[in-house]
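FYI, the numbering for the sequence shown is 853 to 1002, going by my numbering.
Glycine included, every Cβ here is placed at the ideal spot set by N, Cα and C.
In this text, all values refer to a predicted model and were calculated from it rather than measured experimentally.
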Amino acid sequence: MSPKKRTKSRYLFKITVVGPDDSLLEQVLSTFNDPVVSVDGIRIGSTDVDLDSSEVHAVFMSPRHSALDILLALTFKGASGVLIVLKEADPQIETVYRNEIRETLGSNIPTRTVVIDSQLDEFKKNEIHHIFDEVIAEIMEKRKKTKKNK
853 MSPKKRTKSR YLFKITVVGP DDSLLEQVLS TFNDPVVSVD GIRIGSTDVD
903 LDSSEVHAVF MSPRHSALDI LLALTFKGAS GVLIVLKEAD PQIETVYRNE
953 IRETLGSNIP TRTVVIDSQL DEFKKNEIHH IFDEVIAEIM EKRKKTKKNK
């Protein structure tokens, strides 16, 4: 009799990526392996993360500034986490995005800010991926707590 093989849990999370600079958002999304497509002003990309006990597939949605309001709302709807991408640290702009996130998704959504004040070199790409991993870890932790409370 062979030992029972433990299967990994599988998850799909939607991550919204927002910021004032469309080209910078595109660059950030392109740091992940899968190609980025654009549909009606919404950029969509994805990536996979293999954790110890789980396989996570993350879908990124990022609105262009030209996106219609209804499509903008779709990028937030059902999001598990948010990345705010800024060219330089700007507390006022960050607050605008955080307020929009709070109004649209609530105050309990994992949110991180990525500041890209120079070229997107390997160091910066690794930083983006590390921040993304932090968001995924926080989402997973919230899921565990929710399960325990049920």
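- The three-state reading of DSSP puts Thr859 in coil, since its state is none of H, G, I, E or B.
- Remark: three or more beta-carbon pairs, one from each stretch, lie closer than 8 Å, so the stretch 957-964 and the stretch 974-993 are flagged as touching.
- Beta bridge pairing from DSSP links Lys866 with Val911.
- Straight-line spacing of the CA atoms in Ser890 and Arg916 works out to 9 Å.
- The beta carbon of Gly930 lies closer than 6 Å to those of Lys866 in the same chain, with the five residues before and after it left out.
- Cβ atoms of Tyr863 and Val908 come within 8 Å of each other, at about 5 Å.
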